[in-house]
Each structure stands twice: as C-alpha cells, then as structure tokens.
Amino acid sequence: MSAGPVGRGAASATAEGGVAREEVVTLQLAGLLCAENCQPNVELALKGVQGVRQAVVDFASSQATVTLDPSLTGADTTQVGRQWHRYMEDR
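Numbering (the numbering used here), first residue to last: -9 to 81.
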C-alpha cells in the first residue's frame, strides 16, 4: 500500500494580508478496495493533514488530487503520503 506523486502543479491565490501559496499534487494510491467506504475515508484522512485545502479521490484511477499550502506547517506530499499509510495501516 503506497502513495506516490504522479503530477504536480503550482498556483498562487491572493489572501488577506498577502499571497497564499497553493500546490496541487496527484498521488497514485495503491490498496483502494472499495469506492463506497474507502473513497470518503481516504479523503477525510488526507484532509486531516494541516495545510491540505482539498482532497479528491478518484476510485476508478486510484488517484488522489490534493490541493495544499506547503507554507502551513510544512504540509507537503511526504506528509500527505504518511497520512495515507496511517489510514491503510488502521484497516
């Protein structure tokens, strides 16, 4: 069971008091077994990483598209991947 980066993009969004950095990453997820339970639970687990703004899991492609702000407590793909592993270990 693993999560690995597939693609990465960056965008900037203006926020009050400055510019917020936003990064969009696509992770390949191994070990998704069911759309009904896995998909929403994985999304919740990924959204539990501080700095993650959005996580969308596509069961058909076994990919997650994650929008994050890496300036918030160092949220990055490594942290997101760890959260995925924690979720799978608890199953």
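Ideal Cβ positions, reconstructed from N, Cα and C, are used throughout, including at glycine. Quantities reported herein were computed from a predicted structural model and do not represent experimental measurements.
Rounded to the nearest angstrom, what separates Gln18 and Arg72 at their Cα positions? 13 Å
Please identify the residue among His75, Ser51, Val32 and Ser61 whose C-alpha is closest to the C-alpha of Gln40. Ser61
Within the segment 8 to 45, note down every full beta strand (DSSP E) run reaching 3 residues or more, in order along the chain. 8 to 19
For Leu58, list the residues DSSP reports as bridge partners. Glu13 and Val42
Can you tell which of Glu13, Leu23, Glu12 and Val15 has the C-alpha that lies nearest to the C-alpha of Glu52? The sequence as given places Ser at residue 52; Glu does not occur at that position. Comparing Cα positions, the closest option is Leu23.
Write down the C-beta distance between Leu58 and Arg43 rounded to the nearest angstrom, noting that I regard them as a contact closer than 8 Å. 6 Å
Rounded to the nearest angstrom, what separates Ala50 and Ala20 at their Cα positions? 12 Å
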